[in-house]
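A.B. asks: What follows is a single structure, and I will ask about it in a moment.
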Amino acid sequence: MKVLVVGSGGREHALCWAIAASPLCDKLYCAPGNAGIARDAECVAIKADDLDGITRFATDNAIDFVVVGPEQPLCLGLVDRLEAAGVKAFGPTAAAATLEGSKGFMKDLCAKYGIPTAAYGRFTDAESARGFVHERGAPIVVKADGLAAGKGVTIARTVDEALAAIDEAMVEARFGDAGTELVIEEFLAGEEASFFALVDGTTALPLVSAQDHKTAFDGDTGPNTGGMGAYSPAPVMTPALEARVMREIIDPTVRGMAAEGRPFKGVLYAGLMIVDTPEGPSPKLLEYNTRFGDPETQVLMKRMMSDVLPALLASRDGVLKNFQLRWYEDSALCVVMAAKGYPGDYLRRTEIHGLDEAAALPDVSVFHAGTILADDGGILADGGRVLGVTAIAPTVREARTLAYEAVDRIQWPDGFCRRDIGWRAIERK
1 MKVLVVGSGG REHALCWAIA ASPLCDKLYC APGNAGIARD AECVAIKADD LDGITRFATD
61 NAIDFVVVGP EQPLCLGLVD RLEAAGVKAF GPTAAAATLE GSKGFMKDLC AKYGIPTAAY
121 GRFTDAESAR GFVHERGAPI VVKADGLAAG KGVTIARTVD EALAAIDEAM VEARFGDAGT
181 ELVIEEFLAG EEASFFALVD GTTALPLVSA QDHKTAFDGD TGPNTGGMGA YSPAPVMTPA
241 LEARVMREII DPTVRGMAAE GRPFKGVLYA GLMIVDTPEG PSPKLLEYNT RFGDPETQVL
301 MKRMMSDVLP ALLASRDGVL KNFQLRWYED SALCVVMAAK GYPGDYLRRT EIHGLDEAAA
361 LPDVSVFHAG TILADDGGIL ADGGRVLGVT AIAPTVREAR TLAYEAVDRI QWPDGFCRRD
421 IGWRAIERK
């Protein structure tokens with residue numbers, strides 16, 4: 001098969017790395033890709049949101065299958081365009097991707113189909129939103145309704161913080177159109193986890209759990225980011241809890257989307273809060289993403305023993321019912337290296353050395369998220385989150401030791417990382 005992966009981040013590098021290993025894949029392209037992806041695929045200079053350009057490339061080059069990585073082209077309808085042109089594609093239609101593209105739509109779906117989530121309100125004017133906050137008090141969570149690159153959520157510890165978040169979105173328009181509507185919801189206390197399932201429109205096939213680290217600095221401090229590291233499996237997600245997530249959250253969502261005339265195909269990524277109740281730990285849905293996570297994909301692909309390509313094809317073709325996947329029992333852990341200043345302003349085009357030395361360690365992969373090739377063939381940072389240093393080992397502790405050994409081989413004075421990825425799992429052990 002000739003396969004095209006759309007995107008340029010660490011998620012797409014991990015997908016390319018896994019797809020390139022498939023005996024079904026004869027030729028692999030990535031649009032636009034990055035300096036690391038270029039080692040696994042032929043990169044083509046087409047932006048992920050250039051729907052015309054990607055569709056034209058796929059048809060001109062007789063691409064058999066397109067795997068769409070990022071949320072924006074999914075919400076814009078890239079899968080619809082490709083399928084209409086006769087090209088098979090992995091991912092939801094624009095109508096189904098609304099599950100991520102509108103937090104308000106997701107919350108309304110949960111309310112309609114009895115999916116456990118936080119109590120909420122939807123607002124299109126700042127005055128009503130402020131009134132809701134004054135009525136409910138703090139802590140409270142303020143979310144931009146639309147896509148905001150992982151930066152549209154404020155966990156407000158005080159009423160003043162919540163009011164400032166409302167003004168930032170609705171008055172200052174920090175998130176553009178994404179912030180013209182807000183979802184404001186109750187604060188849920190507990191332990192977060194990520195859970196993934198492939199979906200073919202009617203059947204959901206559970207993958208494995210992971211846990212992300214959202215804040216920029218050690219000890220879960222600093223501003224929220226797109227993710228500073230992840231590990232899999234997440235010990236909080238016991239087999240019993242995973243069964244409940246499928247029964248109470250994933251399966252009702254698949255049925256509900258079909259009933260709404262928006263059948264979902266692709267990967268459902270459920271952001272969960274595991275809340276302590278008198279009856280024991282209980283999962284609640286924080287949000288849905290309609291694509292693989294980043295940096296969770298890096299640890300998922302390291303743990304996946306099966307060939308990923310047939311699984312993605314089965315999702316698109318509607319034949320997941322009798323499909324099975326095999327996973328390594330080992331733990332995988334990813335440390336994100338970011339440019340200093342991220343998630344605020346940061347320097348671009350700074351040099352990175354030592355990547356081959358880091359990747360030479362056994363069971364380590366260095367996935368690129370924001371890199372470009374220099375004229376002399378060197379690697380330059382060209383993004384906020386730049387590298388995902390990922391290791392697999394029998395335990396989380398061993399995977400973390402190995403990942404940080406690789407990090408320490410990388411020479412990049414203008415980068416930083418958290419040094420405590422996996423701390424919850426290690427403390428739990």
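In terms of the UniProt record's numbering, the sequence shown opens at residue 1 and continues consecutively.
Here a beta-carbon is modelled for each residue, glycine too, at the ideal position from N, C-alpha and C.
Which residues in the same chain as Ala374 place their Cβ atom closer than 7 Å to its Cβ, once the five residues preceding and following it in sequence are excluded?
C.D. replies: Counted from its first residue, the sequence shown places residue 374 at position 374. The answer, listed in chain order, is Leu380.
A.B. asks: Quick one: what does DSSP say Leu320 is sitting in, helix, strand or coil?
C.D. replies: Taking the first residue of the sequence shown as position 1, residue 320 is located at position 320. Of the three classes helix, strand and coil, the one that applies to Leu320 here is coil, per DSSP.
A.B. asks: Could you name the residues of the same chain whose beta carbon sits closer than 6 Å to that of Gly9, not counting the 5 residues immediately before and after it, in chain order?
C.D. replies: Working through the sequence shown from its first residue, we reach residue 9 at position 9. So the list reads Asp294, Ala369, once near-sequence residues are dropped.
A.B. asks: Once the 5 residues before and after Ala165 are set aside, which same chain residues still bring their CB inside 8 Å of it?
C.D. replies: As a position in the sequence shown, residue 165 is number 165, starting the count at 1. Answer for Ala165: Val142, Thr154, Ala156, listed in chain order.
A.B. asks: By alpha-carbon positions, which one of Val386, Asp40, Ser22 ends up nearest to Thr225?
C.D. replies: Indexing the sequence shown from 1 puts residue 225 at position 225. Nearest C-alpha to Thr225: Val386.
A.B. asks: Pull up the DSSP beta-bridge partners for Lys266, would you.
C.D. replies: Counting from one through the sequence shown, the residue named residue 266 turns up at place 266. According to the sequence provided, residue 266 is Gly. The question's Lys does not apply to it. Paired residue(s): Val199.
A.B. asks: Report the CB separation of Ser331 from Val267 in whole angstroms; it is logged as a contact under 8 Å.
C.D. replies: Translated into positions along the sequence shown, residue 331 becomes position 331. Translated into positions along the sequence shown, residue 267 becomes position 267. Going by Cβ atoms, the distance from Ser331 to Val267 rounds to 21 Å, so no, they are not a contact pair.
A.B. asks: Less than 8 Å between the beta carbons of Trp327 and Val183, yes or no?
C.D. replies: Numbered from 1 along the sequence shown, position 327 holds the residue referred to as residue 327. Numbered from 1 along the sequence shown, position 183 holds the residue referred to as residue 183. Contact flag unset, no.
A.B. asks: Please return the same chain residues whose Cβ sits closer than 8 Å to the Cβ of Tyr269, not counting the five positions on each side in sequence.
C.D. replies: Taking the sequence shown and counting its residues from 1, one reaches residue 269 at position 269. Excluding positions up to five away in sequence, the list reads Ser194, Phe195, Phe196, Tyr288, Asn289, Thr290, Arg291, Phe292, Gly293, Glu296.
A.B. asks: Let me know if Gln211 comes out buried or exposed under the rule of 16 or more other beta-carbons within 10 Å of its beta-carbon.
C.D. replies: Here residue 211 refers to the residue found at position 211 of the sequence shown. With 16 or more other Cβ atoms within 10 Å, it is buried.
A.B. asks: Compare the beta carbon distance of Val133 and Ala162 with 8 Å and say whether it is the shorter of the two.
C.D. replies: As a working mapping, residue 133 is identified with position 133 in the sequence shown. As a working mapping, residue 162 is identified with position 162 in the sequence shown. Yes, the pair counts as a contact, with Cβ atoms nearer than the cut-off.
A.B. asks: With DSSP as the reference, label Lys88 as helix, strand or coil.
C.D. replies: Taking the sequence shown and counting its residues from 1, one reaches residue 88 at position 88. If DSSP states are grouped into helix, strand and coil, Lys88 belongs with the strands.
A.B. asks: Name the one or two DSSP bridge partners that Ser315 has.
C.D. replies: For the purposes of this step, residue 315 is taken as the residue at position 315 of the sequence shown. DSSP lists no partner for Ser315.
A.B. asks: I'd like to know if the stretch 405-421 and the stretch 343-359 are in contact, where contact means that at least 3 CB-CB pairs between them fall below 8 Å.
C.D. replies: Touching, yes.
A.B. asks: For Arg349, which of Gly377, Cys334, Gly383, Val336 has the nearest alpha-carbon?
C.D. replies: As a first step, residue 349 must be located in the sequence shown, where it is residue number 349. The shortest C-alpha separation from Arg349 is found at Gly383.
A.B. asks: Are the stretch 43-51 and the stretch 64-82 touching, with three or more C-beta to C-beta distances below 8 Å?
C.D. replies: They touch, by the three-pair rule.
A.B. asks: Could you name the residues that DSSP lists as bridge partners for Asp212?
C.D. replies: As a first step, residue 212 must be located in the sequence shown, where it is residue number 212. BP columns for Asp212 point to Ala230.
A.B. asks: Going straight from the alpha carbon of Ala399 to that of Ser306, what length do you get?
C.D. replies: By one-based count along the sequence shown, residue 399 stands at place 399. By one-based count along the sequence shown, residue 306 stands at place 306. Near 21 Å, if we compare the C-alpha coordinates of Ser306 and Ala399.
A.B. asks: With which residues is Phe65 paired in a DSSP beta bridge?
C.D. replies: Counting from 1 along the sequence shown, the entry for residue 65 is found at position 65. Paired residues: Val3, Lys88.
A.B. asks: Would you mind working out which of Pro92, Ala393, Glu127 sits nearest Cys334, comparing C-alpha positions?
C.D. replies: Residue 334 sits at position 334 when you count from the first residue of the sequence shown. Ranking Pro92, Ala393, Glu127 by Cα distance to Cys334 puts Ala393 first.
A.B. asks: Flag this pair as touching only if the stretch 237-257 and the stretch 109-118 have three or more C-beta atom pairs under 8 Å; answer yes or no.
C.D. replies: These segments touch.
A.B. asks: For Ala20, tell me which candidate among Trp412, Glu172, Met1, Ala45 has the shortest Cα-Cα distance.
C.D. replies: Taking the first residue of the sequence shown as position 1, residue 20 is located at position 20. The shortest Cα separation from Ala20 among Trp412, Glu172, Met1, Ala45 belongs to Met1.
A.B. asks: Could you tell me whether the Cβ atoms of Asp200 and Leu320 are closer together than 8 Å?
C.D. replies: Against the sequence shown, residue 200 aligns to sequence position 200. Against the sequence shown, residue 320 aligns to sequence position 320. Contact flag set, yes.
A.B. asks: With a threshold of 8 Å on Cβ separation, who are the neighbours of Ala62 within its own chain once the five nearest residues in sequence on each side are excluded?
C.D. replies: Position 62 of the sequence shown, counting from 1, holds the residue named residue 62. Correct list, in chain order: Lys2.
A.B. asks: Tell me, please, which residues DSSP counts as bridged to Cys417.
C.D. replies: By one-based count along the sequence shown, residue 417 stands at place 417. Paired residue(s): none; Cys417 is not in a bridge.
A.B. asks: Helix, strand or coil for Cys25? Go by DSSP, reduced to three states.
C.D. replies: Position 25 of the sequence shown, counted from the start, is the residue given in the question as residue 25. Here Cys25 sits in coil by DSSP.
A.B. asks: With the cut-off set at 8 Å, would you say Ser22 and Val299 are in Cβ contact?
C.D. replies: Working through the sequence shown from its first residue, we reach residue 22 at position 22. Working through the sequence shown from its first residue, we reach residue 299 at position 299. Not closer than 8 Å, so no.
A.B. asks: Quick one: grab the DSSP three-state call for Met273.
C.D. replies: Reading the sequence shown from its first residue, position 273 is the one you call residue 273. DSSP places Met273 in strand when its eight states are reduced to three.
A.B. asks: Nearest by alpha-carbon distance to Asp345: which of Lys112, Ser102, Pro223, Glu127 is it?
C.D. replies: In the sequence shown, residue 345 corresponds to position 345, counting from 1. When only C-alpha atoms are compared, the closest one is Pro223.
A.B. asks: Rounded to whole angstroms, what is the Cα-Cα separation between Arg424 and Tyr231?
C.D. replies: Along the sequence shown, one-based indexing puts residue 424 at 424. Along the sequence shown, one-based indexing puts residue 231 at 231. Cα to Cα, Arg424 sits roughly 10 Å from Tyr231.
A.B. asks: Given that a residue counts as buried once 16 or more other Cβ atoms are within 10 Å of its Cβ, and exposed if not, what is Lys107?
C.D. replies: Counted from its first residue, the sequence shown places residue 107 at position 107. By the neighbour-count rule (16 or more Cβ atoms within 10 Å), Lys107 is buried.
A.B. asks: Less than 8 Å separating the beta-carbons of Leu355 and Asp414?
C.D. replies: Position 355 of the sequence shown, counted from the start, is the residue given in the question as residue 355. Position 414 of the sequence shown, counted from the start, is the residue given in the question as residue 414. Cβ distance not < 8 Å, so Leu355 and Asp414 don't count as in contact.
A.B. asks: Please determine, among Cys30, Val171, Ala338, the residue with the shortest C-alpha to C-alpha distance to Arg418.
C.D. replies: In the sequence shown, counting from the first residue as 1, residue 418 sits at position 418. Comparing Cα-Cα distances from Arg418 to each of Cys30, Val171, Ala338, the minimum goes to Ala338.
A.B. asks: Taking the straight line between their C-alpha atoms, what separation do you get for Ile352 and Trp412?
C.D. replies: Walking along the sequence shown from the start, residue 352 turns up at place 352. Walking along the sequence shown from the start, residue 412 turns up at place 412. Taking the straight line from one Cα to the other gives about 5 Å.
A.B. asks: Once the 5 residues before and after Thr55 are set aside, which same chain residues still bring their CB inside 7 Å of it?
C.D. replies: To locate residue 55, count along the sequence shown from 1; it is residue 55. Result list for Thr55: Arg81, Leu82, Ala85, in chain order.
A.B. asks: Would you identify the three-state DSSP class for Glu12, choosing helix, strand or coil?
C.D. replies: Translated into the one-based positions of the sequence shown, residue 12 becomes position 12. Helix, per DSSP.
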